[in-house]
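Beneath this line is the structure, given in structure tokens, with notes to follow.
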Amino acid sequence: MESRVTGNYHARFGAGENLEIISKSYLSLFPALRDFDTTISACAGRNIYFTLVIQSYAQLNNVYGKDVAEIILDNLNVKIFLGSNNYDTLQQFSRECGEMTRISPLSALNGSRSEIEHYELETIPLITRSRLSCFEPGECVVLEANCDHVLLSRLERYYLCPEFSSLPMASEHEYTCAVNPFDEKYLFTIKKRSGRRALWD
Numbered sequence: 148m149e150s151r152v153t154g155n156y157h158a159r160f161g162a163g164e165n166l167e168i169i170s171k172s173y174l175s176l177f178p179a180l181r182d183f184d185t186t187i188s189a190c191a192g193r194n195i196y197f198t199l200v201i202q203s204y205a206q207l208n209n210v211y212g213k214d215v216a217e218i219i220l221d222n223l224n225v226k227i228f229l230g231s232n233n234y235d236t237l238q239q240f241s242r243e244c245g246e247m248t249r250i251s252p253l254s255a256l257n258g259s260r261s262e263i264e265h266y267e268l269e270t271i272p273l274i275t276r277s278r279l280s281c282f283e284p285g286e287c288v289v290l291e292a293n294c295d296h297v298l299l300s301r302l303e304r305y306y307l308c309p310e311f312s313s314l315p316m317a318s319e320h321e322y323t324c325a326v327n328p329f330d331e332k333y334l335f336t337i338k339k340r341s342g343r344r345a346l347w348d
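Those letters in the sequence shown? Residues 148 to 348, by the numbering used here.
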């Protein structure tokens, strides 16, 4: 069963199924939802899950304020990073991926040409900000809460999958429209009001 809520959102549910609400808009483009930080904190224990899509952390901070935005981000179990143009978002997500310690390449400059006298260790980001800023289409990073692993992966375009490429392509001639848009009952003329200038003049 499908219940339509408004033009951009709809809820799908049936007998014994979980309610699924789908929106085509970014969370950061909505006005602030009242008590959303409390709602998202309480919903996970009640088997209610959110899939939030934002373009940058700055937009979330702008709508909800820094403190509430941090609470919202702290309650996310899985984060999938597809790309961003915002410097602070790239920097923060790079920090969330963690760091690693390695032997510095400068160690080769210590000592004689045949042996290195001592090794220098350096700590670097696991995934750098510059790497996050130049993703190829389809590349992503997946972070899971309470997990030490960072997954650098690729989301395959559905139309490149062999399962879909074997299907026949749809043609616009196969579709029929119940409404003829050229029917005269759907045509109207806009009359210019006297004394006011029309917007299109």
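In this text, a Cβ means the ideal position worked out from N, Cα and C, and glycines have one as well.
Beta-carbon proximity of residue i to residue j, cut-off 8 angstroms
i             : j             : result
leucine 207   : alanine 216   : yes
leucine 273   : valine 297    : yes
serine 280    : leucine 334   : no
serine 254    : glutamate 267 : yes
serine 231    : serine 203    : yes
leucine 302   : glycine 285   : yes
threonine 235 : alanine 189   : Before going further, note that residue 235 is aspartate rather than threonine in the sequence given. Not a contact, by the Cβ cut-off of 8 angstroms.
glutamate 257 : glutamate 246 : It is asparagine, not glutamate, that sits at residue 257 in the sequence shown. No. Outside cutoff.
Presumed contact (8 angstroms Cβ cut-off) between residue i and residue j, rounded CB distance
i              : j             : result
isoleucine 227 : aspartate 184 : About 21 angstroms separates the two Cβ atoms, so there is no contact after all.
cysteine 287   : leucine 229   : 5 angstroms
threonine 270  : threonine 248 : 5 angstroms
Spatial distance of residue i from residue j (CA atoms)
i                 : j                 : result
tyrosine 305      : phenylalanine 311 : 7 angstroms
serine 250        : tyrosine 211      : A quick correction: the sequence has isoleucine, not serine, at residue 250. Cα to Cα, the separation comes out at about 42 angstroms.
threonine 198     : alanine 191       : 12 angstroms
glutamate 331     : lysine 338        : 17 angstroms
proline 328       : leucine 180       : 38 angstroms
alanine 292       : threonine 186     : 19 angstroms
arginine 278      : valine 326        : 50 angstroms
phenylalanine 282 : cysteine 244      : 15 angstroms
aspartate 182     : arginine 193      : 17 angstroms
leucine 220       : asparagine 233    : 16 angstroms
glutamine 239     : aspartate 214     : 15 angstroms
serine 313        : proline 252       : 50 angstroms
Continuous beta strand (DSSP E) stretch holding residue i: start and end
i            : result
leucine 334  : That residue, leucine 334, is in no beta strand (DSSP E); it is neither H nor E in DSSP.
serine 300   : 297-301
cysteine 308 : Neither: cysteine 308 is in no beta strand (DSSP E) and is coded neither H nor E.
cysteine 294 : Here cysteine 294 belongs to no beta strand (DSSP E), and DSSP marks it neither H nor E.
Run of the alpha helix (DSSP H) containing residue i, from where it starts to where it stops
i             : result
leucine 207   : 204-211
aspartate 184 : 183-190
Worksheet entry | Contained beta strand (DSSP E) runs [length at least 3] in the region 216-281, N- to C-terminal order | 225-228, 246-250, 268-272
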